[in-house]
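Contents: one structure, followed by commentary.
Here is the structure:
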């Protein structure tokens, strides 16, 4: 199967490739083009097509046979002898590749041709995922001996990145596995359960307070204490020039869920930056819960 990719809206359409000039000529005839257009709306008998086009039925049969022989339309199998056949369109696009145009075999991925959103560009580069996703360890660790319960959210982020790039290496790491903060990093959860977040928390324009019980915005000077409140921040990596860090965290588990939900659902809104300073990629969201699950979010800043 061949496909046509529309780079403007990132859509893919199946197409039948015609290599014979005769097949391409079939579509160029105005009557046959009109027949295909009519069959795209509903299945028809030749007599119905003839009446609609005000043409002799025998002439319509001539064009229908050409379309059928070239594989553009189907005829339903009618068992009654002499019964008229009902015709339908093979709903696909058609492309013509002349014989003099050679094709070179190459392993291609659609991600090679899809441009990621600006906010994801450092994390996806040239069709390859170029980052580490860091989650807290599920084992008790850190000064508070806490365990991570949001590690599964890394899968949501990985799926998003996978739309724009492929990856053959390890993508998700536990905070206890990280020895340095080099490269592009996506950090999920606050420092209570993800020690890596604690190492960069003070570099963030929106961050957790020292006890991890509040979200503080250095932009608006506002503070947020609801447990289902989370934040999304992207900054230059202070430990590695040329790299960037994305933090998705909350006061409690549902706050982190809210941040991840917002990032995967409202990416274009997050790209617009903070409402006070658009140059800063930093948002605060509050989860809308149903049965203890985050169904949607409200943007607070």
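In our numbering, the protein residues as written are 162 to 462.
Every residue, glycine too, gets a C-beta built ideally from N, C-alpha and C.
Would you mind working out which of 291, 290, 305 sits nearest residue 297, comparing C-alpha positions?
Closest by alpha carbon: 305.
In the DSSP assignment, what residue or residues form a beta bridge with residue 334?
Looking at the DSSP assignment, residue 334 forms a beta bridge with 295.
If you run the structure through DSSP and keep just helix, strand and coil, what is residue 206?
Correct three-state label for residue 206: coil.
List in chain order: all unbroken alpha helix (DSSP H) runs of 4+ residues lying wholly within the region 365-435.
Fully enclosed alpha helix (DSSP H) runs of 4 or longer: 414-426, 428-432.
Nearest to residue 371 by CA position, among 352, 381, 383, 430, is which residue?
Closest by alpha carbon: 352.
Got a sec, what are the start and stop residues for the beta strand (DSSP E) residue 300 sits in?
Boundaries cannot be given for residue 300, as no beta strand (DSSP E) includes it and DSSP labels it neither H nor E.
Taking the alpha helix (DSSP H) that residue 222 falls in, what are its first and last residues?
Residue 222 -> alpha helix (DSSP H) spans 218-230.
Taking all protein chains shown into account, decide if residue 307 is buried (16 or more other Cβ within 10 angstroms of its Cβ) or exposed.
By the C-beta density criterion, residue 307 is buried, having at least 16 other C-beta atoms within 10 angstroms.
Ends of the alpha helix (DSSP H) at residue 354?
Where residue 354 is concerned, there is no enclosing alpha helix (DSSP H), because DSSP gives it neither an H nor an E.
Residue 454 - partner residues in DSSP beta bridges
For residue 454, which the question treats as bridged, DSSP gives the partners 451.
CB residue 400 to CB residue 343, shorter than 8 angstroms?
Yes. Within cutoff.
Go to residue 318, then tell me how far its alpha helix (DSSP H) extends in each direction, as first and last residue.
Taken as a continuous stretch (DSSP letters only), the alpha helix (DSSP H) holding residue 318 covers 314-323.
What is the DSSP secondary structure of residue 277, counted as helix, strand or coil?
Residue 277: coil per DSSP, three-state reduction.
Same chain, Cβ closer than 6 angstroms to residue 290, neighbours up to 5 away in sequence not counted
These residues qualify, in order along the chain: 322, 326, 328.
Given residue 433, which residues of its chain have a CB within under 7 angstroms of its CB, disregarding the five upstream and five downstream residues?
Only 439 meet the Cβ criterion.
Would the region 366-385 and the region 314-321 be scored as touching if the rule is three or more Cβ pairs under 8 angstroms?
Segments in contact, no.
Just the C-alpha distance for residue 407 and residue 174, rounded to the nearest angstrom, thanks.
So the alpha carbons of these two residues sit roughly 34 angstroms apart.
What does the alpha-carbon distance come out to for the pair residue 164 and residue 189?
Roughly 21 angstroms separates the two Cα atoms.
Between the C-alpha atoms of residue 473 and residue 383, what's the straight-line distance to the nearest angstrom?
In the structure as shown, the chain begins at 162 and stops at 462. Residue 473 is therefore absent and cannot be evaluated.
If you follow the beta strand (DSSP E) that residue 327 is in, where does it begin and where does it stop?
Annotation for residue 327: no beta strand (DSSP E) segment contains it, and DSSP assigns it neither H nor E.
Cβ-based neighbour list, residue 413, same chain, cut-off 6 angstroms, excluding 5 preceding and 5 following:
Answer for residue 413: 388, listed in chain order.
For residue 193, which of helix, strand or coil comes out of DSSP?
Note: residue 193 maps to helix in three-state DSSP.
Continuous beta strand (DSSP E) stretch holding residue 306: start and end:
Segment: none, residue 306 is in no beta strand (DSSP E) and carries neither H nor E.
Cβ pair residue 280, residue 428 closer than 8 angstroms
It is a contact, given that the beta carbons lie within the stated cut-off.
To the nearest angstrom, how far is the alpha carbon of residue 347 from that of residue 460?
Separation of residue 347 and residue 460 (C-alpha to C-alpha, rounded to the nearest whole angstrom) is 21 angstroms.
DSSP-derived helix/strand/coil call for residue 236
In this structure, residue 236 counts as strand in the three-state DSSP scheme.
Which of helix, strand or coil does DSSP assign to residue 213?
DSSP places residue 213 within a helical segment (H, G or I) once states are collapsed to three.
Residue 165 (DSSP reduced to helix, strand or coil):
Of the three classes helix, strand and coil, the one that applies to residue 165 here is strand, per DSSP.
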